[in-house]
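Read through the structure below, which is laid out as structure tokens, and then see the notes.
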Amino acid sequence: MDTNGTRECMERSDYLEKYYLPTMYALEFIVGFTGNIIVGFGSLFCWKNWKSGNIYLINLTLSDLAFLCTLPWLVLSYSKGTDNSTWCQINRIILHANLYTSILFLTFISVDRYLLIKYPFRNHFLQKKAIAIVFSVAIWVWVILELSPIYYFISFQNNSNDSQCVDYASSGDAHHSLIYSLLLTITGFIIPLCIMWMFYIKTHALLTSHSSQLTTALPLEKPLTLIIMAVGIFSLLFAPYHIMRNVRIASRASFWKVSECTQNLIKAVYTITRPVAFLNSAINPIFYFLMGDHFREMLLIKARCCLKRVLPCYK
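Be aware that the sequence shown starts at 162, since it is given in this note's numbering, and climbs by one per residue.
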């Protein structure tokens, strides 16, 4: 038996959790927090007339900031290997709340961009501010209710390991957790992804058939680019995480007999996908610059005004 190879296989996931996760989460915090703070404060000063798309975006920013504020503790807990079990559970709920609210708000932004093309004068009832507020509140309530079972799965594992914060896919009863994870994947990821693809196809068809009218009517809008970016985030960031999360849970179940080395290899690949999925918090601010509404121009004007107040010599 190759003892050294077996030991390396067993330690791979531990090295990733101790060095890879803290590094990635630290970078995400620096980039994401800076970007979201800029666009968050910028939106408050630059947007005078709030529209449905702006409401979804500010909710997306609030979701990202709530998650990003937990990252310093997450970096510390992984680097030291210890944590507070109660805060661990709260952190996991916030982490997954950010993931699934981001997915839903990105989906609604894609729908809103399609409606803006088809109804440029915002005469569709789904483009009303009041409707956007109602949908935003409904998204938060739905995600909180959808994620409430995660507290049970994490606390179940912590009964036997009260010194280390174990991620959701590595804790709890594997059989029940797999059922819940598959339901969460379908309702929280696959269905929104299908909706987004549907509106991408509809938007592309609408732009193709009415390109000349839309170019003159909405010269600053980039709806197709925005939807393509949203679909790309879904596919490149969220899909690997959801696949590996279910594989990781299944590898712990009794119906799938895998060696301990293979199980740790699966855990290592799953660990790699975790911070990749949450890169969306650092990327989401880019949506502000694709939404149009002169946001970039207004933000630069506000920045110049602030610099002139602080530095009178600035021109």
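Note that the Cβ used here is the ideal one computed from N, Cα and C, for glycine as well.
Could you work out which residue in the options is closest to residue i when comparing CA atoms only?
i, options, result
"S481", "K418, S338, I278, I294", "Outside the displayed range of the chain (162 to 476) lies residue 481, so it cannot be described from this structure."
"I362", "I388, F228, K289, I352", "I388"
"D334", "L229, A366, R409", "R409"
"S442", "I305, F286, T222", "T222"
"S271", "P353, S238, V304", "P353"
"F296", "L426, L218, P446", "L218"
"I447", "M390, L397, P436, Y176", "M390"
"P281", "I444, V327, L368", "L368"
"N220", "V298, C422, T423, V392", "V298"
"I444", "L397, H337, L287, V419", "L397"
"K241", "V419, Y176, H337", "Y176"
"L229", "I191, V302, Y312", "I191"
Cutting at 7 angstroms between CB atoms, please list the residues of its own chain near residue i, excluding the five before and the five after it.
i, result
"F350", "I264, F399, H403"
"I294", "I216"
"M185", "P436"
"I427", "V408, R409, S412"
"M405", "V430, Y431, T434"
"Y180", "none"
"V419", "S412"
"Y312", "Q250, I254"
For residue i, which residues in the same chain have their Cβ closer than 6 angstroms to its Cβ, ignoring the five residues on either side in sequence?
i, result
"P401", "T434"
"P380", "Because P380 sits at a pLDDT of 45, beneath the cut-off of 50, its placement in the model cannot be relied upon, and the following sentence gives the value as read from the coordinates. The answer is none, since no qualifying residue turns up."
"Y341", "P310"
"V304", "A258, Y261, T262"
"Y239", "E178, L182, P183"
"W234", "none"
"A187", "V236"
Less than 8 angstroms between the beta carbons of residue i and residue j, yes or no?
i, j, result
"E178", "F439", "no"
"G214", "D273", "yes"
"S331", "F314", "no"
"A429", "R173", "yes"
"Y275", "F360", "yes"
"L256", "T231", "yes"
"F266", "I300", "yes"
"L344", "H365", "no"
"L226", "N197", "yes"
"I356", "T268", "yes"
Quick one: using the 10 Å Cβ neighbour count with 16 as the cut-off for buried, is residue i buried or exposed?
i, result
"P183", "buried"
"G193", "buried"
"I251", "exposed"
"S412", "buried"
"Y329", "buried"
"S415", "exposed"
"Y431", "buried"
"L308", "buried"
"F450", "exposed"
"N322", "In this prediction, N322 has a pLDDT of 48, which is less than 50 and means its spatial position is unreliable; what the coordinates show is noted afterwards. That one is exposed."
Would you please state the rounded distance, in angstroms, between the beta carbons of residue i and residue j? I believe it to be under 8 angstroms.
i, j, result
"L306", "N407", "Not a contact, Cβ separation roughly 21 angstroms."
"T262", "S224", "4 angstroms"
"V392", "W417", "The Cβ separation is near 32 angstroms, so there is no contact."
Beta-carbon within less than 8 angstroms of residue i's beta-carbon, same chain only, minus the 5 sequence neighbours each way: which residues are those?
i, result
"K290", "W211, K212, S213, I216"
"T423", "S412"
"H337", "F314"
"H285", "L276, K279"
"Q288", "K212, S213, D273, L276, L277, Y280"
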